[in-house]
Amino acid sequence: MYCIEPKTRIILAWQGHKKESKWFYCVKGSFLLKTVDMNSLERVEYRLSSKMSEVLEITPGLYNGFEALEERSALMVYSDFDLDSSKQDDFRETLENIKWESSKD
Numbered sequence: 002m003y004c005i006e007p008k009t010r011i012i013l014a015w016q017g018h019k020k021e022s023k024w025f026y027c028v029k030g031s032f033l034l035k036t037v038d039m040n041s042l043e044r045v046e047y048r049l050s051s052k053m054s055e056v057l058e059i060t061p062g063l064y065n066g067f068e069a070l071e072e073r074s075a076l077m078v079y080s081d082f083d084l085d086s087s088k089q090d091d092f093r094e095t096l097e098n099i100k101w102e103s104s105k106d
């Protein structure tokens with residue numbers, strides 16, 4: 002488990018896992034999260050907010066990325082792998098290959 006507090010307008014993408022699952026919970030502010038299927042490149046977009054008590058599960062086989070929509074936003078991340086196992090199951094893609102295309106207003 003760890004907490005991320007990125008600045009707004011900073012996009013952290015694309016990291017994926019073929020075996021590991023992750024769960025995201027917004028403890029402060031709000032976030033735009035996106036997933037991209039590693040095989041089909043199908044995209045799904047989510048919004049998490051501290052005003053809503055929701056946990057988003059990112060299943061194996063998906064790249065994920067996120068950006069804070071408000072200043073001082075904080076995102077708690079849980080995993081079913083320890084850090085060493087996670088590093089061995091780490092797959093990355095660049096923003097040049099998979100565009101972010103922000104939908105922020």
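Numbering-wise (the working numbering), the sequence shown opens with residue 2 and increments by one.
All C-beta atoms in this analysis are idealised placements derived from N, C-alpha and C, irrespective of residue type, glycine included.
If we ignore side chains and look at the alpha-carbon of each, how far apart do residue i and residue j end up?
i           : j           : result
residue 85  : residue 102 : 32 Å
residue 71  : residue 19  : 31 Å
residue 31  : residue 40  : 29 Å
residue 105 : residue 49  : A caution first: residue 105 carries a pLDDT of 49, below 50, which makes its placement in the model unreliable, though a value can still be read off. The alpha-carbon atoms of residue 105 and residue 49 are separated by roughly 13 Å.
I need the DSSP call for residue i, collapsed to helix, strand or coil.
i          : result
residue 13 : strand
residue 35 : strand
residue 88 : helix
residue 73 : coil
Tell me, to the nearest whole angstrom, how far the beta carbon of residue i is from that of residue j; I am working on the premise that it is less than 8 Å.
i          : j          : result
residue 63 : residue 36 : 4 Å
residue 25 : residue 56 : 7 Å
For residue i, which option in the options has the closest C-alpha, if you only look at C-alpha atoms?
i          : options           : result
residue 73 : 41, 29 and 48     : 29
residue 7  : 47, 23, 33 and 24 : 33
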